[in-house]
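Start counting the sequence shown at 216; every next residue gets the next number (this note's numbering). Don't be surprised by glycine CBs; every beta carbon is placed ideally from N, CA and C. None of these values were measured; they are calculated from a predicted model.
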Amino acid sequence: MTIRLPGAGGALRTYEPRTEPLAVTPGTPFTSRTVFSAAHVVADPFADVSPDSPAAVDWDATLAFRRHLWSHGLGVAEAMDTAQRGMGLDWAGAAELIRRSAAEAKSVGGRIACGVGTDQIASGSLAEVRAAYEEQLALVEESGAQAILMASRALAAAANGPEDYLEVYGHLLRQAAEPVVLHWLGPMFDPALEGYWGSADLDAATDTFLDVIAAHPDKVDGIKVSLLDAQREIDIRRRLPKGVRCYTGDDFNYPELIAGDEQGFSHALLGIFDPLGPLAAQAVRVLDTGDVRGFRDLLDPTVGLSRHLFQTPTRFYKTGVVFLAWLAGHQSHFTMVGGLQSARSLPHFATAYELADELGLFPDPKLAEERMKTLLSMYGVNQ
């Protein structure tokens, strides 16, 4: 088994794939950390749609992937950025995804938390933003899932300063039936969220974020920080009220943040745990035994792949996630809602394949090689 892969300069190199995958087995939920994988959606490849059409989803394959994550003890963070919210999946599609996934979670005993946003409106007044959040919060609560209050493009556009964020989030937290997760998504994931919490100064924004939590600690289960800044996450984590958890969303520095230090640790809600699910689960089970070194030995080598998938422009990391799901056999095709499969280059795919194969992420390395060769041939690379 050899394959010729292209580099950025166009030259081909010979790579010899692994012959055996990493040995991992499904298992029970974890004891030392709460861990969610933000999961992707599988497009319907036979739907006659354009990139501007509402998403056509293959529901059977989409739900099967969630069962795969649950089987390894991971929770599913549903209808989040990884599911292409605002990048191919509109609110109507997200609502259907939430209903179906929440019902599936109940049937198999899986843990699920779902994104609550305002993407049914493009813009609006603060009152309209509040109403949009309320509509989505009601649907998630009715489904029986935990709510994740996501950052809102409409709120970022409508807010005049920190006080508007305090008012909107305070209103939502007061009416939430159960404690929620607050999500701070940085502009590297969505440029429209620049200046969230009322300031482009991250120190000032952090203070507002923490003020929201301090005013309603009983309604905040935890926070998800997606700023790709490990030290800032640690600083925020140390300032949280007792009982409020920090879920790392840092796809660059997650091993050290989950491992923690003498003053605490982060739980996890990560897009990279979509392709890393079984390996990540195995690592956390090692951590459950108190073996921090063993945990790091398993998870540290995955950071190179994650940094590659999440490289600038970071928001296109979903393309790499779905690409690896196809190579791993979790879906029969490499098609994405909104046509986003075109968002990365062939050299990017080649490196992603090589890094994932070296980690043993493909249950069937031969299938992954064959599918990679199929993609290469479509680009004119003959083996």
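One alpha carbon belongs to V440, the other to F564, and they sit about 27 Å apart. F280 sits in a helix when the DSSP states are folded into three classes. E293 is bridged by DSSP to C329.
Secondary structure note for V501: its alpha helix (DSSP H) is the uninterrupted segment G492 to D503.
When DSSP states are grouped into helix, strand and coil, R559 belongs to the coil group. Excluding residues up to 5 positions away in sequence, T297, A298, D489, K533, V536, V537 and A540 lie with their Cβ nearer than 7 Å to the Cβ of H255 in the same chain.
Here the region 308-325 does not lie against the region 409-425, with fewer than 3 beta-carbon pairs under 8 Å apart. Residue environment analysis places Y594 among the exposed positions, since fewer than 16 neighbouring C-beta atoms fall within 10 angstroms of its C-beta. Under the three-state reduction of DSSP, Y411 is assigned to helix. When DSSP states are grouped into helix, strand and coil, R228 belongs to the strand group. Nearest neighbour of S414 by Cα position, chosen from L381, F261, A429 and L443, turns out to be L381. If you look at F251, you'll find it in the beta strand (DSSP E) that goes V250 to A253. Of all alpha-carbon atoms in I487, L582, P580 and T566, the one lying nearest the alpha-carbon of G225 is that of T566. Under the 8 Å Cβ criterion, the region 503-521 does not count as touching the region 270-280, having fewer than three qualifying pairs.
Rounded to whole angstroms, the Cβ separation of F480 and I473 is 6 Å, and the two are in contact under 8 Å. By the CB criterion at 8 Å, L341 and V383 fall inside the cutoff. Around G376, the same chain offers G413 as residues with beta carbons nearer than 7 Å, after the five sequence neighbours per side are excluded. Scanning its chain for C-beta atoms nearer than 8 Å, with the 5 sequence neighbours on each side dropped, one finds around P260 the residues D273, S547, H548 and T550, in chain order. Looking at the DSSP output, G479 sits in a beta bridge with D476. Between the region 436-454 and the region 385-400, the count of C-beta pairs closer than 8 Å reaches three or more; the two stretches touch.
Between the C-alpha atoms of L582 and T527 there is a straight-line separation of about 29 Å.
Every alpha helix (DSSP H) stretch that sits fully inside the region 372-444 and reaches 4 residues is listed by chain position as 377-390 and 417-430. When secondary structure is reduced to three states using DSSP, I487 falls in the coil class, being assigned neither helix nor strand. Distance from the CA of A496 to the CA of Q361, rounded to the nearest whole angstrom, comes to 21 Å. In chain order, L425 place their CB closer than 7 Å to the CB of R454, counting only its own chain and leaving out the 5 sequence neighbours on each side.
Excluding its 5 nearest sequence neighbours in each direction, G242 has C-beta neighbours in its own chain below 7 Å: H287, G288, A496 and R500, listed in chain order.
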